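Visitor:
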Amino acid sequence: MLLSKIISFSSPQKSTFTGLLQVRTKNYLNRPRLRNPVWFVRKERTVHDELITQENTSFVKEVLHERYGPSALIKGVLTFDQSKSSLIKSEELPPVQWQPGMKRTGVIAKKIGQYPLWKKDGTKIRTTLLQIIDNHVVKYIPPEEFEPPREPKQKRNWKNPYGCLLVGAESRDPSIFTKEYCGLFKDSGVIPKQHLCRFIISPEARILPGTPLNVTHFRVGDFVDVRGKTVDHGFQGVVKRHGFKGMPASHGVTKTHRRPGNIGAGGQKARVWPGTKMPGHMGNRWRNLRGLKIWRINTKYNVMWVQGSNIAGDTNGLVYIYDTILPLRKYKEAPAFPTHFASENDSYADDDIWHEDIHNFKDGSITFKEE
Numbered sequence: 001m002l003l004s005k006i007i008s009f010s011s012p013q014k015s016t017f018t019g020l021l022q023v024r025t026k027n028y029l030n031r032p033r034l035r036n037p038v039w040f041v042r043k044e045r046t047v048h049d050e051l052i053t054q055e056n057t058s059f060v061k062e063v064l065h066e067r068y069g070p071s072a073l074i075k076g077v078l079t080f081d082q083s084k085s086s087l088i089k090s091e092e093l094p095p096v097q098w099q100p101g102m103k104r105t106g107v108i109a110k111k112i113g114q115y116p117l118w119k120k121d122g123t124k125i126r127t128t129l130l131q132i133i134d135n136h137v138v139k140y141i142p143p144e145e146f147e148p149p150r151e152p153k154q155k156r157n158w159k160n161p162y163g164c165l166l167v168g169a170e171s172r173d174p175s176i177f178t179k180e181y182c183g184l185f186k187d188s189g190v191i192p193k194q195h196l197c198r199f200i201i202s203p204e205a206r207i208l209p210g211t212p213l214n215v216t217h218f219r220v221g222d223f224v225d226v227r228g229k230t231v232d233h234g235f236q237g238v239v240k241r242h243g244f245k246g247m248p249a250s251h252g253v254t255k256t257h258r259r260p261g262n263i264g265a266g267g268q269k270a271r272v273w274p275g276t277k278m279p280g281h282m283g284n285r286w287r288n289l290r291g292l293k294i295w296r297i298n299t300k301y302n303v304m305w306v307q308g309s310n311i312a313g314d315t316n317g318l319v320y321i322y323d324t325i326l327p328l329r330k331y332k333e334a335p336a337f338p339t340h341f342a343s344e345n346d347s348y349a350d351d352d353i354w355h356e357d358i359h360n361f362k363d364g365s366i367t368f369k370e371e
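Going by the UniProt record's numbering, the first residue of the sequence shown is number 1, and it counts up by one from there.
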């Protein structure tokens, strides 16, 4: 009786036991999407054997290279050299000084592996390598025209409304895409991209379509948030999904070695608690990892070394990198706003930019003095 008085059954989602609040289920339902964004069009077309001659095939490639430039390996990514082609920039934006609270765009990157680094005091750091793959701005939607397809549960109380910046990554041959999908890139002059992502930004952080985004958008020592999709493991049991120990292997146990065991609760409850760990689909969920520090940057291949080895996704999987939203790790000094624009005056003594606390492998580690 005393236990039943301590436990509150007023809400099936939350239970209080000796002052400890347990949230076992989500306090909201997935809201329906009222409409799709404008860039949600059919992407890939059905490829037929069109019986095109070899001369016509070479002619199509000539037209492609004439418009978007020849095939080239730029910053370690196979793309098209658009330096000679004209990316549409009909206006020049006035320079805007960064202020706290302004929201910059993010970038699309690829998770290419893990690598250890060492501090100068000998501390080992496990890092993940993220390569920014041929990012270009495709379109900007101002706040008065931007209508999210799914309205939030609570009304926005934004002091300053936000706009939308559409960014594409990984250039591809336009012939494999549909006409509607290629039309998204017509106004920017950018070759059609394999991946698209929208970023919510402040109107002051607007970037003209056709502008490339590189790893220098961030600096060594900055903190970022990384969003990725976990590895899809399919339907799994409780041993793999939740780490259950399982039942004994012998001594009378029959066909129950990897079963969860009792899932009910006795007494007056007589039901299964919401949120009970049970078998189900494992993985294929979007997860955010916040407040990761950048320890090293390579400007030649657009690669950054980010703190941690548990970023969601498999090798060569896509991730999205944002400025962190953690209050104590936000920018205290002005970053490259709205982004870093490459120029001929950019000169780096080395392709690698190291954090001051990290030991550079090119430097000596142990020195001996002659007596």
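The beta carbon of each residue, even a glycine, is placed where N, CA and C say it ideally should be.
Quantities reported herein were computed from a predicted structural model and do not represent experimental measurements.
Hey, could you find the ends of the alpha helix (DSSP H) G183 is sitting in?
Guide: Position 183 of the sequence shown holds residue 183. That run of the alpha helix (DSSP H) goes K179 to G183.
Visitor: From K84 to I201, what does the alpha carbon distance come to, in whole angstroms?
Guide: Stepping through the sequence shown from its first residue, residue 84 is reached at position 84. Stepping through the sequence shown from its first residue, residue 201 is reached at position 201. Reliability fails at K84, whose pLDDT of 47 lies under 50, so the model's placement of it is uncertain and the value that follows must be treated cautiously. The straight-line gap from Cα to Cα measures roughly 30 Å.
Visitor: Quickly, what does DSSP pair T128 with across the bridge? List them, please.
Guide: For the purposes of this step, residue 128 is identified with residue 128 of the sequence shown, where counting begins at 1. According to DSSP, T128 bridges with Q114 and V306.
Visitor: Under the DSSP definition of a beta bridge, which residues are partnered with P212?
Guide: Numbered from 1 along the sequence shown, position 212 holds the residue referred to as residue 212. H136.
Visitor: Which class does I191 belong to by DSSP, given the choice of helix, strand or coil?
Guide: Locating residue 191 in the sequence shown gives position 191, counting from the first residue. I191 falls in the coil class under three-state DSSP.
Visitor: Got a sec? Which residues, its chain only, sit under 8 Å from S86 by beta carbon, not counting five neighbours each side?
Guide: Residue mapping note: residue 86 aligns to position 86 of the sequence shown, counting from 1. Residue confidence for S86 is low, a pLDDT of 48 falling below 50, so the modelled location carries little weight and cannot support an answer.
Visitor: What ranges does the beta strand (DSSP E) occupy inside the region 241 to 310, keeping only unbroken runs of at least 3 residues that lie completely in it?
Guide: Taking only runs of at least 3 residues, the beta strand (DSSP E) segments lying wholly in the region 241 to 310 are 280 to 282, 286 to 298 and 303 to 307.
Visitor: Count the other CB atoms within 10 Å of the CB of residue 379; is the residue buried (16 or more) or exposed (fewer)?
Guide: Summary: the structure shown does not reach residue 379, with the chain confined to residues 1 through 371, and so no result is reported for it.
Visitor: Measuring only the C-alpha atoms, how far is E180 from E44?
Guide: As a position in the sequence shown, residue 180 is number 180, starting the count at 1. As a position in the sequence shown, residue 44 is number 44, starting the count at 1. So the alpha carbons of these two residues sit roughly 10 Å apart.
Visitor: Buried or exposed for W118, going by 16 or more other Cβ atoms inside 10 Å?
Guide: The count along the sequence shown starts at 1 and reaches residue 118 at position 118. Answer is exposed; the Cβ neighbour count stays below 16.
Visitor: Using the rule of at least 16 other Cβ atoms within 10 Å of the residue's Cβ for burial, across every protein chain shown, is R296 buried or exposed?
Guide: Your numbering for residue 296 matches position 296 in the sequence shown. The residue in question, R296, is buried, as its Cβ has 16 or more Cβ neighbours within 10 Å.
Visitor: Report all residues from its chain with a CB closer than 6 Å to the CB of M304; omit the five preceding and five following residues, and keep chain order.
Guide: Here residue 304 is taken as the residue at index 304 of the sequence shown, counted from 1. So the qualifying residues of the chain are L130, V215, I294 and I297.
Visitor: Can you tell me the Cα-Cα spacing of G246 and V253, whole angstroms?
Guide: For this step, residue 246 is matched to residue 246 along the sequence shown. For this step, residue 253 is matched to residue 253 along the sequence shown. Approximately 11 Å between the Cα atoms of the pair.
Visitor: In the DSSP assignment, what residue or residues form a beta bridge with V226?
Guide: Here residue 226 corresponds to residue number 226 of the sequence shown, with the count starting at 1. Paired residues: L289 and I321.
Visitor: Count the other CB atoms, across all protein chains shown, that sit within 10 Å of the CB of A109; report buried if there are 16 or more and exposed otherwise.
Guide: Taking the sequence shown and counting its residues from 1, one reaches residue 109 at position 109. Label assigned to A109: buried.
Visitor: Give the single residue among R126, Y162, N135 and D134 whose Cα lies nearest to the Cα of residue 372.
Guide: Outside the displayed range of the chain (1 to 371) lies residue 372, so it cannot be described from this structure.
Visitor: What does DSSP give as the partner residues of E44 in its beta bridges?
Guide: Reading the sequence shown from its first residue, position 44 is the one you call residue 44. Paired residue(s): F177.
Visitor: Looking at V167 and I133, is the spacing between their C-beta atoms short of 8 Å?
Guide: If you number the sequence shown from 1, residue 133 lands on position 133. If you number the sequence shown from 1, residue 167 lands on position 167. Against a cut-off of 8 Å, the Cβ pair of V167 and I133 comes out as no contact.
Visitor: Let's see if you can read the secondary structure: which residues bound the alpha helix (DSSP H) around F59?
Guide: Here residue 59 refers to the residue found at position 59 of the sequence shown. Note, F59: alpha helix (DSSP H), Q54 to Y68.
Visitor: Work out the CA separation of P338 and P95 for me, nearest whole Å.
Guide: Position 95 of the sequence shown holds residue 95. Position 338 of the sequence shown holds residue 338. Their Cα atoms are separated by approximately 9 Å.
Visitor: Ordered along the chain, which non-local residues of its own chain (more than five positions away) have a Cβ less than 6 Å from that of residue 387?
Guide: Given that the chain is displayed from residue 1 to residue 371, the structure contains no residue 387 and the question cannot be resolved.
Visitor: Look at the Cβ atom of F185, then the Cβ atom of L292, and state whether they are nearer than 8 Å.
Guide: To locate residue 185, count along the sequence shown from 1; it is residue 185. To locate residue 292, count along the sequence shown from 1; it is residue 292. Contact: no.
Visitor: Going by C-alpha to C-alpha distance, which of G113, P327, Q114 and I353 sits closest to R290?
Guide: Taking the sequence shown and counting its residues from 1, the one referred to as residue 290 is at position 290. When only C-alpha atoms are compared, the closest one is P327.
Visitor: With H, G and I counted as helix, E and B as strand and the rest as coil, what does DSSP make of L328?
Guide: Along the sequence shown, read from residue 1 onward, the residue named residue 328 stands at position 328. Three-state DSSP puts L328 in a helix.
Visitor: Beta-carbon within less than 7 Å of K103's beta-carbon, same chain only, minus the 5 sequence neighbours each way: which residues are those?
Guide: As a first step, residue 103 is located in the sequence shown; it is residue number 103 there, counting from the start. Y162, I200, I201, S202 and A205, listed in sequence order.
Visitor: Quick check on DSSP: helix, strand or coil for A72?
Guide: As a first step, residue 72 is located in the sequence shown; it is residue number 72 there, counting from the start. A72: strand per DSSP, three-state reduction.
Visitor: Hey, P192 and P209: beta-carbon distance below 8 Å or not?
Guide: Position 192 of the sequence shown, counted from the start, is the residue given in the question as residue 192. Position 209 of the sequence shown, counted from the start, is the residue given in the question as residue 209. No, the Cβ-Cβ distance between P192 and P209 is not below 8 Å.
Visitor: So, for G352: in the same chain, excluding its five sequence neighbours on each side, which residues have a beta-carbon less than 6 Å away from its beta-carbon?
Guide: Within the sequence shown, the letter at position 352 stands for residue 352. Gly is not the amino acid found at residue 352; the sequence shown has Asp there. Taken in chain order, the residues that qualify are N298.
Visitor: For D352, write down the residues that DSSP places opposite it in a beta bridge.
Guide: Numbered from its first residue, the sequence shown carries residue 352 at position 352. N298.
Visitor: Whole-angstrom Cβ separation of L165 and T211, contact assumed at under 8 Å?
Guide: Start at 1 with the first residue of the sequence shown, and residue 165 comes out as number 165. Start at 1 with the first residue of the sequence shown, and residue 211 comes out as number 211. So it is not a contact: roughly 10 Å between Cβ atoms.
Visitor: Between F177, G234 and P70, which has its C-alpha nearest V41's C-alpha?
Guide: Position 41 of the sequence shown holds residue 41. Answer by Cα proximity: F177.
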